[in-house]
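Beneath this line is the structure, given in structure tokens, with notes to follow.
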Amino acid sequence: MKGFFVIVIFVAINVIAFTIFAIYMTGSVNSSIKEQEELSRAALDSLMLVYVEKNIASSNYFNAVSQIPHLNAYLLSTFSNYIDTALNIPLNESLVERPLTFQKLQYTQSKIQERINQFNNTARNYAVLRTNTSYVDARKYVELITKEELAYIKTYNEYVQQYNKLTSRVPSSIVAGFMGKFPFLEFETGTNITSKMEHIFE
């Protein structure tokens, strides 16, 4: 009989200890998920402010190159269309909750940068463009914003990778599921996003 009570007490102590540990771990994971989500959203908000500037810079760049004679009409036309599309995408941290719109932003901005790169390559062998003051000023502005863009993308992706570990790996993913938290999309650029999404957005 005495042995029975010892076993019961031992089991009870272990159950209580496990419960306390589980509550502690759940609270700790909960806090970590919330913290990483807030950091990810704040980083995305900062990146969106950069894209407000990038849209202005891209528009100025387009206005400059569109005044130069004999440039590729197709590139100019599609460049203009991509800028119009970018201007109609709402720029805020809620994009993480709208994956397709978020990818559309990534795709559109990558295509805008692609067009800018193509015109910059043209300028190397086209003195009329290369020496145009409006083009030179617009190019410098775009290059400045692009450096900021890449830095903010890197910061956002770093926070999202940490958040995604918590929301996609056991055991923290179990807590995340109860919280209604799921992984966010990382921000992709260049051919990483254009080759993947061209069949959807073109």
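In numbering that gives the first Met the number 0, the protein residues as written are 0 to 201. Note that the Cβ used here is the ideal one computed from N, Cα and C, for glycine as well.
Given that a residue counts as buried once 16 or more other Cβ atoms are within 10 Å of its Cβ, and exposed if not, what is Leu143?
A residue is called buried when at least 16 other Cβ atoms come within 10 angstroms of its Cβ; Leu143 does not meet this threshold and is exposed.
Per-residue burial, Leu90 [other beta carbons within 10 Å of its own, 16 or more giving buried]
buried
With C-beta atoms as the reference, is Thr107 less than 8 Å away from Tyr81?
yes
Excluding the 5 residues flanking Asn116 on each side, which residues of the same chain have their C-beta closer than 8 Å to its C-beta?
none
Which residues in the same chain as Glu148 place their Cβ atom closer than 7 Å to its Cβ, once the five residues preceding and following it in sequence are excluded?
Within the same chain, Glu148 has close Cβ partners Val49 and Lys53.
Simplified DSSP assignment, three categories, for Phe177:
helix
Could I get the ranges of all uninterrupted alpha helix (DSSP H) runs contained in the segment 18-86, with 4 residues as the minimum, in chain order?
Within the segment 18-86, the complete alpha helix (DSSP H) segments at least 4 residues long are 72-86, listed from N- to C-terminus.
Among residues of its own chain, excluding the 5 on either side of Arg123, which ones have a beta-carbon nearer than 8 Å to its beta-carbon?
Contacts found: Arg129.
Just the Cα atoms here: how many angstroms apart are Val95 and Val127?
For the pair Val95 and Val127, the Cα-to-Cα distance works out to about 43 Å.
What residue ranges within the segment 112-140 form continuous alpha helix (DSSP H) runs of no fewer than 4 residues, ordered along the chain?
126-129
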